[in-house]
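First the structure, in the form of structure tokens, and then the observations on it.
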Amino acid sequence: SKKDTVCHVCETFGDSLVSCEGDCNRLFHPERIGSNSGTDGEQLCQECKTGSHPCFSCKVEEGDMKRCSVNACGRYYHETCARKYTGTTTDTRGLRCPQHSCATCCLDRDLHKAGK
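Residue numbers (our numbering): 1 to 116.
Given below as structure tokens:
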């Protein structure tokens, strides 16, 4: 889908996008990912190379970041930022960000809780 082929930096579509081989799983135009390479020669974005990821919600890099536990996601959040969203859940695997929750299901769950 087109959503899956958007460069993380310029947010434009492209067929020649390359995937960061770090934890973020984001796509980049080759010229935007740069010549960053990890210790094993993998192609890494600057954030994965430095290990400093901004919070997907507030965009601040400082503080304790939690990576979404969904393998292909790669979004990072402060736990307090993620919990502001109804769809955020936590389980034994960790934090699951609201990007993977159905808004209708969350609304139904919240209405059920409120009715008790």
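All C-beta atoms in this analysis are idealised placements derived from N, C-alpha and C, irrespective of residue type, glycine included.
Residue i - DSSP class collapsed to helix/strand/coil
i: residue 12; result: coil
Cutoff 8 Å; reference residue i; Cβ partners in own chain excluding five residues on either side
i: residue 72; result: 25
i: residue 80; result: none
i: residue 57; result: 77, 78, 81, 82, 84 and 85
i: residue 100; result: 68, 70, 73 and 87
First and last residue of the uninterrupted alpha helix (DSSP H) at residue i
i: residue 89; result: Looking at the DSSP string, residue 89 is not in any alpha helix (DSSP H); the run it does join, the beta strand (DSSP E), is 89 to 91.
i: residue 32; result: 30 to 33
i: residue 66; result: Here residue 66 belongs to no alpha helix (DSSP H); instead the beta strand (DSSP E) covers 65 to 67.
i: residue 47; result: 46 to 50
Span separating the alpha-carbon of residue i from that of residue j
i: residue 46; j: residue 28; result: 11 Å
Residues near residue i by beta carbon distance below 6 Å, same chain, minus five either side
i: residue 89; result: 96
Boundaries of the beta strand (DSSP E) in which residue i is found, first to last residue
i: residue 75; result: Here residue 75 belongs to no beta strand (DSSP E), and DSSP marks it neither H nor E.
i: residue 96; result: 94 to 96
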